[in-house]
Amino acid sequence: MTLRIGNASGFYGDRFDAMREMLTGGELDVLTGDYLAELTMLILGRDRLKDPGAGYARTFLRQLEECLGLAHERGVRIVANAGGLNPSGLADRIRELADQLGLPVRVAHVEGDDLTGRYPGSLAAHAYLGGFGIAACLREGADVVVTGRVTDAALVTGPAAAHFGWEQTDYDRLAGAVVAGHVLECGTQATGGNYSFFQEGDVRRPGFPLAELHEDGTAVITKHPGTGGFVDVGTVTAQLLYETQGARYAGPDVTARLDTVRLTQDGPDRVRISGVRGEAPPPTLKVGLNRLGGFRNEVAFVLTGLDIEAKAALVQEQMEPALAKAAEVRWDLVRTDRPDAGTEETASALLRLVVRDANQEIVGRALSGAAVELALASYPGFHVLAPPGKGSPYGVFEDVYVPHGAVDHVAVLHDGRRLPVAPAQETAVLDDPPIPPPTPPLPEPLPEGATRRAPLGLIAGARSGDKGGNANIGVWVRTDESWRWLAHTLTVDRLRELLPETADLTVTRHLLPHLRALNFVVEGILGEGVAAQHRFDPQAKALGEWLRSRHLDIPEALL
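Residues in the sequence shown are numbered consecutively from 282, following my numbering.
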């Protein structure tokens with residue numbers, strides 16, 4: 282008995298017509314949508330400040346205006362975390378919509394994640410719940426289930442547990458669903474989107490993914506026939522490595538052992554996931570805290586032609602008095618210029634100034650005035666990409682942990698009944714003291730031979746992303762010979778050489794031999810999280826592609 286679960290959203294703002302595409306493109310039992318991220322919770326928190334009835338993903342409601350009747354007609358249940366900070370409010374809006382459309386749709390929601398009241402000064406504080414609240418709603422006949430902050434994989438573990446009758450201690454089965462859910466959660470990233478080897482298929486409009494889940498926890502990742510993009514072991518590996526940290530992928534339902542995952546091509550656009558093992562979840566739930574950190578502003582000075590560094594030094598010295606009171610000042614000279622360039626743009630470099638402070642005036646008018654006043658009094662060719670504004674608020678993200686029992690996890694059914702969801706029956710402490718998974722042995726190194734200086738990306742793919750202030754970089758190769766070389770060559774020290782930004786940071790390397798992959802966790806490179814806009818690429822989305830572009834000595838036999 283197969284359960285077909287599709288995805289129609291990887292983030293708040295994803296392709297609007299994906300829901301209709303998934304409902305009309307082929308068979309489905311459940312359609313999920315992931316609308317939440319750390320930054321999204323901050324955005325929704327600010328929405329709620331303006332309107333206490335807001336705080337949910339409005340896009341989802343507009344999608345249902347077009348598609349709720351279609352889903353009801355086809356018998357497809359919908360499960361989404363679009364409730365954000367206000368799942369009960371969204372559930373009410375959906376009921377109103379169903380009444381307007383004359384549809385007998387049963388709408389339920391999950392609550393208990395909102396802990397904002399316990400953390401004074403936070404804009405939003407939400408625990409990451411598991412899938413059993415969703416399962417309870419579905420078992421009681423819900424057609425639509427909306428949640429607040431659950432883990433992304435819970436959108437799959439919940440329907441699977443309800444459909445197959447899994448219990449909380451069915452760890453291997455739940456772990457298989459977690460892995461499938463992690464592959465689905467970012468939508469088209471599993472079907473060729475943002476893929477290192479994107480030129481191997483037509484990814485102009487990749488189709489959204491779906492998983493065929495089985496009772497034993499195995500799954501096949503695929504997509505609807507005739508849709509764009511492609512599904513192969515590489516695209517699934519890339520997404521499996523995305524935003525994970527190490528061999529143990531801990532969640533509220535189960536700790537999935539990523540070092541047990543096996544991927545096999547099961548036909549065109551079909552990848553089978555098997556062998557996944559699970560362990561008891563940790564005794565605590567992660568809580569994401571979002572708060573306003575202050576105000577920031579930035580100016581990009583354009584430096585053209587000769588004497589780039591001297592021009593940069595001049596404007597930094599001229600701006601210094603206006604920046605003396607700012608809590609944080611950061612200058613970055615980005616050398617996009619070329620010698621003897623054929624266009625003005627390619628002859629120009631950018632000097633980027635970012636200023637942060639708790640006082641909006643310091644990063645607003647004081648900065649703007651000082652920059653504008655230099656228009657006729659600084660380096661030759663002075664201009665900026667855009668005039669500085671008044672300064673905008675930025676957010677700070679951090680995570681804390683609470684016991685399972687500290688959260689009132691409740692399934693609120695379509696008829697108003699409230700079903701408490703029991704916390705995990707068993708838990709396992711993994712980090713006090715640390716209990717690392719067995720370290721897999723390194724493969725035999727390649728024999729010595731001729732090498733060529735070349736980019737790492739000629740033989741390796743990568744996918745990177747953010748987890749709070751940390752970044753992860755997953756790197757994988759596609760042959761056993763390449764794995765033998767990568768495992769011995771791309772050490773922590775070598776990574777620091779190739780990515781100098783990481784030189785003074787804590788970097789941890791994890792081996793995943795079944796995937797021919799390494800996963801690096803770089804601590805603190807993103808400061809206080811994406812909303813703080815700490816660096817040029819605040820979510821570390823392209824960190825892996827930067828790594829692939831770096832040159833090192835690669836055996837010619839692999840090229």
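Each residue gets a CB set at the ideal place from its N, CA and C atoms; glycine is no exception.
Where do the N-terminal and C-terminal ends of the alpha helix (DSSP H) with residue i fall, by residue?
| i | result |
| --- | --- |
| K748 | K748 -> not in any alpha helix (DSSP H); beta strand (DSSP E) instead, spanning A741 to K748. |
| F678 | From DSSP, F678 is part of no alpha helix (DSSP H) but of the beta strand (DSSP E) over S673 to P684. |
| F582 | Counting along the chain, F582 falls outside any alpha helix (DSSP H), though it belongs to the beta strand (DSSP E) covering T565 to T585. |
| A461 | Y452 to L465 |
| V514 | V514 to L521 |
| V773 | V773 to L779 |
| W447 | Per DSSP, W447 belongs to no alpha helix (DSSP H) and is neither H nor E. |
| I806 | First-last for I806: undefined, no H or E at that position. |
| A417 | F413 to R420 |
| L767 | D761 to T770 |
| T321 | E319 to K331 |
Pull up the distance between the alpha-carbon of residue i and that of residue j, whole angstroms please.
| i | j | result |
| --- | --- | --- |
| A408 | R430 | 6 Å |
| P714 | T541 | Reliability fails at P714, whose pLDDT of 48 lies under 50, so the model's placement of it is uncertain and the value that follows must be treated cautiously. In a straight line, the C-alpha of P714 is about 23 Å away from that of T541. |
| Y452 | G559 | 5 Å |
| A372 | E496 | 30 Å |
| E837 | R733 | 6 Å |
| G738 | E778 | 16 Å |
| L666 | V583 | 7 Å |
| D834 | L465 | 36 Å |
| G223 | F341 | As displayed, the chain neither begins before 282 nor continues past 840, which places residue 223 out of reach and without an answer. |
| N800 | L455 | 23 Å |
| G515 | R759 | 8 Å |
| P368 | K592 | 53 Å |
| Y293 | I375 | 18 Å |
| V702 | L323 | 27 Å |
| V756 | V459 | 21 Å |
| D295 | L312 | 15 Å |
| A821 | L384 | 44 Å |
| R355 | D315 | 21 Å |
| H685 | V710 | 13 Å |
| L700 | E493 | 29 Å |
| F413 | H795 | 30 Å |
| A405 | P333 | 13 Å |
| N751 | V802 | 7 Å |
| E679 | K567 | 10 Å |
| G336 | P564 | 29 Å |
| S477 | P487 | 15 Å |
| S830 | E626 | 23 Å |
For a test of the three-state rule: what should DSSP assign to residue i, helix, strand or coil?
| i | result |
| --- | --- |
| K606 | coil |
| D295 | coil |
| S403 | coil |
| K822 | coil |
| E496 | coil |
| R558 | strand |
| S290 | coil |
| A709 | coil |
| E481 | helix |
| D394 | coil |
| H832 | strand |
| R376 | helix |
| P668 | coil |
| R797 | coil |
| T503 | strand |
| D613 | strand |
| R301 | helix |
| Q597 | helix |
| R633 | strand |
| A531 | strand |
Relative to the alpha-carbon of residue i, which residue among the options has its alpha-carbon at the smallest distance?
| i | options | result |
| --- | --- | --- |
| L231 | V557, A537, G738 and V710 | Since the displayed the chain opens at 282 and closes at 840, residue 231 lies outside it and no answer follows. |
| A222 | P333, R420 and E707 | This structure gives no information on residue 222, because the portion of the chain shown stretches from 282 to 840. |
| S745 | L284, I806, Q480 and L342 | I806 |
| R485 | C467, A500, A461 and F511 | F511 |
| A581 | R619, A561, R633 and R399 | R633 |
| M282 | F341, F445 and N800 | F445 |
| P602 | S649, T585 and D613 | S649 |
| A798 | A417, P401, Q520 and G498 | Q520 |
| T397 | V681, A731, A741 and I359 | V681 |
| G730 | T708, L840 and R637 | L840 |
| G307 | S763, Y530 and K504 | K504 |
| T708 | T321, G439 and Q449 | Q449 |
Looking at the unbroken beta strand (DSSP E) that takes in residue i, where does it start and where does it end?
| i | result |
| --- | --- |
| S555 | V552 to S555 |
| A692 | V691 to V693 |
| G755 | N751 to V758 |
*Can you check the stretch 636-662 for any beta strand (DSSP E) of at least 3 residues that lies completely inside it and give the ranges in chain order?*
none
_Entirely enclosed beta strand (DSSP E) segments - the stretch 334-368, minimum 3 residues_ = Runs of the beta strand (DSSP E) inside the stretch 334-368: 358-361.
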